[in-house]
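S.K.: Chains A and B are the protein sequences, given in the same order. The opening residue of the first sequence carries number 3 in the working numbering; numbering runs sequentially from there. The opening residue of the second sequence carries number 107 in the working numbering; numbering runs sequentially from there. Here a beta-carbon is modelled for each residue, glycine too, at the ideal position from N, C-alpha and C.
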Amino acid sequence: MITLGTALAFAGAAVAAGFAGVGSAMGVGIAGQAGAGVVSEDPEKFGNVLVLQALPGTQGIYGLLIAFIIVLNLGVIDGSVKDLTTDQGIALFFAGLPMAIGGLMSGIYQGKVAASGIYLCAKRPEETGKGIILAAMVETYAVLSLLISFIMVNGVKL
Amino acid sequence: MLIAMKKATLFALKEDRDAILLALQKDGNIMLISEGEKTQTLEGADKVGDQLAKAKDALKFVDLHGKKDSMFAPRLPVSYDSFLRESKEGSDLADQVEELSGKIMSLRNEASTMTSQVDALQPWIDLDIPLEQLAPTDSSVYFAGYLPELEKEAFLEDIRELAAEPIVLREAPEGRAMLIFCMKEEAARLKHFLKAHDFTDVVFPKRTGLVSEIAVDLTEAARVKNLRADELEAQAKKIAESKAELQLYYDQLMAKEDRLANGGVETEKTFYLEGWVRKDRTVQVERAIRSATDAYQIEFRDPAEGEIPPTEMENNSFVSPYESVIELYSRPQAGSIDPDFLMAPFHFIFFGMMLSDAGYGLVLTIGLLIAMKLVKPQGFAGKLAMVIFFGSISTIIWGALFGGWFGLELHPLLFVPMKEPLKMLALCFGLGALHLVCGMLLKAYMLIRDGDVVGAFCDEFSWLIMFAGFLCMAFVPGPVGKYLAIAGAAIIVLTGGREKKGILGKLMGGLLSLYNISGYMSDLLSYSRLFALGLATGVIAMVINTIAQMLMEAGPVGTAVAVLVLLGGHVFNIVINVLGAFVHSSRLQYIEFFGKFYEAGGKAFVPLAIRTKYMNVTK
Numbered sequence: 003m004i005t006l007g008t009a010l011a012f013a014g015a016a017v018a019a020g021f022a023g024v025g026s027a028m029g030v031g032i033a034g035q036a037g038a039g040v041v042s043e044d045p046e047k048f049g050n051v052l053v054l055q056a057l058p059g060t061q062g063i064y065g066l067l068i069a070f071i072i073v074l075n076l077g078v079i080d081g082s083v084k085d086l087t088t089d090q091g092i093a094l095f096f097a098g099l100p101m102a103i104g105g106l107m108s109g110i111y112q113g114k115v116a117a118s119g120i121y122l123c124a125k126r127p128e129e130t131g132k133g134i135i136l137a138a139m140v141e142t143y144a145v146l147s148l149l150i151s152f153i154m155v156n157g158v159k160l
Numbered sequence: 107m108l109i110a111m112k113k114a115t116l117f118a119l120k121e122d123r124d125a126i127l128l129a130l131q132k133d134g135n136i137m138l139i140s141e142g143e144k145t146q147t148l149e150g151a152d153k154v155g156d157q158l159a160k161a162k163d164a165l166k167f168v169d170l171h172g173k174k175d176s177m178f179a180p181r182l183p184v185s186y187d188s189f190l191r192e193s194k195e196g197s198d199l200a201d202q203v204e205e206l207s208g209k210i211m212s213l214r215n216e217a218s219t220m221t222s223q224v225d226a227l228q229p230w231i232d233l234d235i236p237l238e239q240l241a242p243t244d245s246s247v248y249f250a251g252y253l254p255e256l257e258k259e260a261f262l263e264d265i266r267e268l269a270a271e272p273i274v275l276r277e278a279p280e281g282r283a284m285l286i287f288c289m290k291e292e293a294a295r296l297k298h299f300l301k302a303h304d305f306t307d308v309v310f311p312k313r314t315g316l317v318s319e320i321a322v323d324l325t326e327a328a329r330v331k332n333l334r335a336d337e338l339e340a341q342a343k344k345i346a347e348s349k350a351e352l353q354l355y356y357d358q359l360m361a362k363e364d365r366l367a368n369g370g371v372e373t374e375k376t377f378y379l380e381g382w383v384r385k386d387r388t389v390q391v392e393r394a395i396r397s398a399t400d401a402y403q404i405e406f407r408d409p410a411e412g413e414i415p416p417t418e419m420e421n422n423s424f425v426s427p428y429e430s431v432i433e434l435y436s437r438p439q440a441g442s443i444d445p446d447f448l449m450a451p452f453h454f455i456f457f458g459m460m461l462s463d464a465g466y467g468l469v470l471t472i473g474l475l476i477a478m479k480l481v482k483p484q485g486f487a488g489k490l491a492m493v494i495f496f497g498s499i500s501t502i503i504w505g506a507l508f509g510g511w512f513g514l515e516l517h518p519l520l521f522v523p524m525k526e527p528l529k530m531l532a533l534c535f536g537l538g539a540l541h542l543v544c545g546m547l548l549k550a551y552m553l554i555r556d557g558d559v560v561g562a563f564c565d566e567f568s569w570l571i572m573f574a575g576f577l578c579m580a581f582v583p584g585p586v587g588k589y590l591a592i593a594g595a596a597i598i599v600l601t602g603g604r605e606k607k608g609i610l611g612k613l614m615g616g617l618l619s620l621y622n623i624s625g626y627m628s629d630l631l632s633y634s635r636l637f638a639l640g641l642a643t644g645v646i647a648m649v650i651n652t653i654a655q656m657l658m659e660a661g662p663v664g665t666a667v668a669v670l671v672l673l674g675g676h677v678f679n680i681v682i683n684v685l686g687a688f689v690h691s692s693r694l695q696y697i698e699f700f701g702k703f704y705e706a707g708g709k710a711f712v713p714l715a716i717r718t719k720y721m722n723v724t725k
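1) Could you tell me whether the Cβ atoms of A/V51 and A/I134 are closer together than 8 Å?
2) Apply the 10 Å Cβ neighbour rule to B/R693 and answer buried if 16 or more other Cβ atoms are within range, or exposed otherwise.
3) Tell me the rounded alpha-carbon separation between B/N368 and B/S207.
4) What does B/F637 touch in chain A if you count any residue whose Cβ is under 7 Å from its own?
5) Need the endpoints of the alpha helix (DSSP H) that B/L294 sits in, please.
6) Can you tell me where the beta strand (DSSP E) with B/W504 in it begins and where it stops?
7) Report the partner residues of B/V383 according to the DSSP bridge assignment.
8) Applying the 10 Å Cβ sphere with the 16-neighbour rule, what's the burial state of B/V559?
9) Would you say B/R616 reaches chain A, if we count a Cβ-Cβ gap shorter than 8 Å as a contact?
10) Check for me: the alpha helix (DSSP H) holding B/I432 runs from which residue to which?
11) Note down the Cα distance separating B/G587 from B/A595, rounded to an integer number of angstroms.
12) When the Cα of B/A398 is compared with those of B/L119, B/A706, B/I680, B/E698, which residue comes out closest?
13) Got a sec: which bits of the region 504-537 of chain B sit with their beta carbon under 7 Å from any beta carbon on chain A, in order along the chain?
14) Counting only beta-carbon atoms, is B/L474 nearer than 8 Å to chain A?
15) Does the Cβ-Cβ distance between B/M460 and B/S691 come in under 8 Å?
16) Identify each residue in the region 643-659 of chain B for which the Cβ-Cβ distance to at least one residue of chain A is less than 7 Å, and report them in chain order.
17) Which value, in whole angstroms, describes the spacing of the CA atoms of B/D163 and B/D133?
18) Excluding the 5 residues preceding and the 5 following A/L6 in the sequence, name in chain order all residues of the same chain whose CB lies nearer than 7 Å to its CB.
19) Specify the secondary structure class of B/R365 as computed by DSSP and reduced to three states.
20) In or out: B/S624 buried (at least 16 other Cβ within 10 Å) or exposed?
21) Quick one: grab the DSSP three-state call for B/T376.
22) By the three-class DSSP mapping on this structure, what secondary structure does B/A335 have?
23) So for B/G708, helix, strand or coil by DSSP?
24) Tell me, please, whether the CB atom of B/V689 is closer than 8 Å to any CB atom in chain A?
25) Once DSSP output is grouped into helix, strand and coil, what is the label at B/Q403?
26) What in chain B is Cβ-close to A/L66, meaning under 9 Å?
27) Along chain B, which residues have their Cβ under 7 Å away from the Cβ of A/V155?
28) Roughly how far, in whole angstroms, is the beta-carbon of B/C534 from the beta-carbon of B/Y633, given that I think they are within contact range, below 8 Å?
29) Quick test of the definition: if touching needs 3 or more C-beta pairs under 8 Å, does the region 192-207 of chain B touch the region 348-367 of chain B?
30) Taking the beta carbon of B/M492 as the centre, do at least 16 other beta carbons fall within 10 Å, making it buried, or is it exposed?
31) If contact is defined by three or more beta carbon pairs under 8 Å, each pair taking one atom from either stretch, is the region 10-18 of chain A in contact with the region 69-81 of chain A?
32) Quick one: Cα of B/V649 to Cα of B/I499, how far?
33) In whole angstroms, what separates the C-alpha of B/R214 from that of A/A124?
34) Within 8 Å (strictly less), CB to CB, does B/Y356 reach chain A?
35) Mind checking if B/S628 is an interface residue toward chain A, Cβ cutoff 8 Å exclusive?
36) Residues of chain B with a CB under 9 Å from the CB of A/I135: which are they?
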């Protein structure tokens, strides 16, 4: 038997990994489309383009990270799932939310900035570094989401 | 440290110009500048441009047909003397390649035109009248073309009353291929019907014989042309073997183009050049010119008012790689400050904290050592590689402090950040505060250097007093901290609006500048990324290990897969997190640190020198 609390904790892990993953998938997708166009003109820029495309990929990793810690704390990995009270479950669900929302939106927008950075790299390859920094500015907020989600998950004592 | 520049002005004879430019290029210490429109490019510069474009095309073509160079191939060495002799072989090769690629292209084009003609003839393949016989006679005319499939029935019905004979052939994308004969006197009426049913005319190729025969002939001809093109491509492969010669030629042309780009201002017999030289290299420049000619006059002077010299940084070998981090952003303006010496230690610390896995650090250190031995990256790439190399050493240190070894926890020397997040955050903010204070002190230094002591005290030290007060409030018992903080805030409010007019404006300005504290707060919070990125590396490594462990429980096959997962997973984690660590530790410099004092916008110092893409010229 799995308690409602445990199920809610699962939901927290699910939204964190799922939505942040969607954000990254969309971001990497947007950047990748722009990248393919640039590479078709100049295959030598593939290295620079790949770095820019990879940038929005981190949200998915952060989401997985939060989900993993929740699941680890629940005891899923070592095979004995703990029974959580409903309150504990709700707390863990909320703990997953910042990463879910922050990861989803920042992934998409970072992808857009990365795509623009790829165009920048097409026109002025020597300025690629600035394109990377501009895209990394967006990532700040995914990092902050990750941090608060982590602290919240850590705060729920099971 | 920023290097001071001198402006050089050189007068010499036109007949010596080539020799002088060559000597200056070999020396590589003067950056020629063009004085507006008076400066002219030298004779032959256009020609070199054309040759360069041709050599570039040739190299592209050769790359396409020959084998690819390995990414780690070292540059071929070539002596300076042989670099000076323009490669005749390379120039011939470029010509050959141009001719060859032209031929191949036109053969392929012709072949594809023929193939598309064959495709267009397909609907008419059943026509049993040779094309040359298809012509109007005394009494009849014909129409050939396509009729939309939907119109076919109605059209055939309509022309039944005419003295016309339709031959219906195969279907094509444009419609049904159709040939209609009719008596001359009926032609006008038939035309009317044709138009009403959207008939489109077709133009047959000017050829003789049955369509089916023509199609076979064309296919054969296309095949022959393609074969010929294949043969030529095989020849191209042979040429590709002497690619090095082409590369040498290309590099020689590049050097020549650089040399010819700036001829200065000239009279009938003499010319005059201007350029920037490092203060400590004037002797070398003069020596280089003297080696070319005796008839010259050169003068070095300090930059005049309004002249902005280019920016050149020089640092010791530990700090100089970090110049690449600055170059990624923007060079400091001439006359401001080169923050490398302060930025380097922080970049070093931050990079290591964000990766914070001693195992990864070891892998990176060894990997980079080997890679740098093999490739010997130069210039910007070399500096960047060194930054990451230093960073990986820092990673080993931080990894050992935090007890992270390939995602496993082993003897933390300090504490484990995941278990004590608050302690870790405090460490991040502490380092961040130190970083910010360094930035503010640099600004204060710059202000004092420029004579604005009041500004340094009111805008920088006032904040530092306030922050010191906050610090004391947290750690020192008693009211000292509170008074310090209030004193700092009072200075800010009282002096923040000193530029404004009127007592009210001054007061408002002072209060508003106190509001800047939110800016400092958000700067400080930004350093929490040090923890978050370290967390990301550690937990992902843990995830990889956990998956591998689960696989290993599934028997020998699982163990084999687990090894792959461990290898692939950790390599992926290293790559993605090195990227993250570099980008974010640079960002902390650019936004939080540079934001306090940096004056960007310096132009790079790019002296006339031998710059090659493929060769390594040994002097």
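M.R.: From the atom records:
1) no
2) buried
3) 34 Å
4) L149
5) Note on identity: in this sequence residue 294 of chain B is Ala, with Leu being the wrong assignment. 293-302 is the span of the alpha helix (DSSP H), which, as asked, contains B/A294.
6) Counting along the chain, B/W504 falls outside any beta strand (DSSP E), though it belongs to the alpha helix (DSSP H) covering 485-508.
7) B/K112, B/I136
8) exposed
9) Looking at the sequence itself, residue 616 of chain B is Gly, so the reference to Arg does not match. Not an interface residue.
10) 429-435
11) 12 Å
12) B/L119
13) P527
14) no
15) yes
16) V645, I646, V649, T652
17) 30 Å
18) T88, G91
19) helix
20) exposed
21) strand
22) helix
23) strand
24) yes
25) strand
26) V645, I646, V649
27) Those within 7 Å of A/V155 in chain B number zero; the least Cβ separation is about 10 Å.
28) 5 Å
29) yes
30) buried
31) yes
32) 24 Å
33) 30 Å
34) no
35) no
36) L434, Y435, V689, S692, R693, Y696, I697
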